[in-house]
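Everything below concerns the one structure shown next.
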Ligand code: SAM
Ligand code: SF4
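Residue numbers (our numbering): 3 to 331.
So, in structure tokens, the structure goes:
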């Protein structure tokens, strides 16, 4: 098992398939100048499957989510999903994506064994989408969402980050649209994980502000805390339910005490937290011929050292060196 000194057990593995992306969301990356990992830095498809296999067989991981960067840019993504779906015990498999590649891949991913998708959608307005992501790809995202639903990758969940003065006026519209389409929407507080280190506390739209904006149009009833488990989103029934909306308040209401995550970067580093300042190199050990038992011991030791909390809202907080797109969001 992957335990830490605070008694938490990591059962949910996030695997980054690439640090590259076809968008440039302003809260994530600068327009230009990103330093991408080299081809030989990246784990191969076989190396990823070996490490995921070790995690589910020997380390108690039950859920695997592929992310990035944009995971659908990885040529071998369908094969990786297929191989992971054949593992024993079979983990639950999902992907977090900007949705652009889904129209092309949703059927193949479903057939390979993918269970669900989370699609990031911050706005329904093409011009705002362009200002936010610096690319004119909103129609591709919407086509991707429809393809995911048609392929049965359900329930489709949506992630939205609100930015002050850019798309924060759209909170209620996004929720109305999601309800209409049967998608479950979750708002994520903007975190200091952008490559250009441009995050400010005052620029962030807090969970409280998000709820205020939603409450102007909808009646929100909190779901009992017990229903949340280790899920980062706090959820509310909308207009009496059954549909819900979630808010992931990583900054103002952190959920570190219940965190059950472990992370593997595209270049084979284990991170015990999004905000960790240390990584454990599994790729080097793996390529030097380490056995599964040796790799498992390294992974366990990495998790054992997990800190109590990320402390983003503390004055002494230091942003990690690597941005979200390189860690795997
Ligand atoms: N490219 C995929 C996507 O956008 O869904 C997967 C990777 S992305 C890093 C994963 C999630 O992190 C997305 O929902 C994105 O909106 C979110 N994200 C990126 N930068 C963020 C930040 N600074 N604060 C909060 N969420 C962020
Ligand atoms: Fe790409 Fe996702 Fe980052 Fe946007 S949030 S730039 S889609 S990795």
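Glycine is no exception: its CB is placed at the ideal position from the N, C-alpha and C atoms. Only a predicted model underlies this, so the values are computations on that prediction, with no experimental measurement involved.
In the DSSP assignment, residue 204 falls outside any beta strand (DSSP E), carrying neither H nor E. Here the alpha carbon of residue 179 sits roughly 20 Å from the alpha carbon of residue 98.
For residue 30, the distance from the CB to the nearest heavy atom of the ligand SAM is below 7 Å. For the pair residue 176 and residue 209, the Cα-to-Cα distance works out to about 15 Å. Distances from the CA of residue 37 to each of 30, 269, 21, 27 were compared; the closest alpha carbon is that of 21. Per DSSP, the unbroken beta strand (DSSP E) holding residue 238 starts and ends at 236 to 240. Residue 252 sits in coil when the DSSP states are folded into three classes, being neither helix nor strand. Nearest to residue 298 by alpha-carbon distance, out of 315, 56, 92, is 56. Collapsing the DSSP output to three states places residue 305 in a helix.
Excluding sequence positions up to five before and after residue 225, its CB lies within less than 8 Å of the CB of 236, 237, 238, 239, 246, all in the same chain and listed in chain order. Within the chosen limit of 7 Å, the ligand SAM reaches the beta carbon of residue 70 through at least one heavy atom. DSSP, read as helix, strand or coil, puts residue 141 in helix. Residue 160 and residue 269 have their alpha carbons spaced roughly 27 Å apart. In the same chain as residue 132, and ignoring 5 residues on each side of it, the C-beta atoms closer than 7 Å to its own belong to 138, in chain order. Cβ atoms of residue 288 and residue 49 come within 8 Å of each other, at about 6 Å.
If only complete runs of 4 or more residues are kept, the stretch 49 to 133 shows the alpha helix (DSSP H) at 79 to 87, 104 to 114, in order along the chain. Sequence-distant partners of residue 26 (beyond 5 residues in either direction) whose C-beta falls short of 8 Å from its own C-beta, in its chain, are 32, 33, 135, 136, 137. Following the DSSP letters along the chain, one finds residue 175 inside the alpha helix (DSSP H) bounded by residues 173 to 183.
Within the chosen limit of 7 Å, the ligand SAM does not reach the beta carbon of residue 82 with any heavy atom. DSSP places residue 284 in the uninterrupted alpha helix (DSSP H) bounded by 284 to 289. Cα atoms of residue 274 and residue 185: separation of roughly 30 Å, rounded to the nearest angstrom. Annotation for residue 18: the continuous beta strand (DSSP E) segment containing it runs 14 to 18.
Scanning 41, 19, 199, 267 for the CA closest to the CA of residue 83 turns up 19.
In the three-state reduction of the DSSP assignment, residue 36 falls in the coil class. Counting the other CB atoms within 10 Å of its CB gives residue 301 a total of 16 or more, which places it among the buried residues. In the three-state DSSP reduction, residue 329 falls in the helix class (H, G or I).
In the structure shown, residue 281 falls within a coil segment according to DSSP collapsed to helix, strand and coil.
DSSP places residue 314 in the coil class of the three-state scheme, outside both helix and strand.
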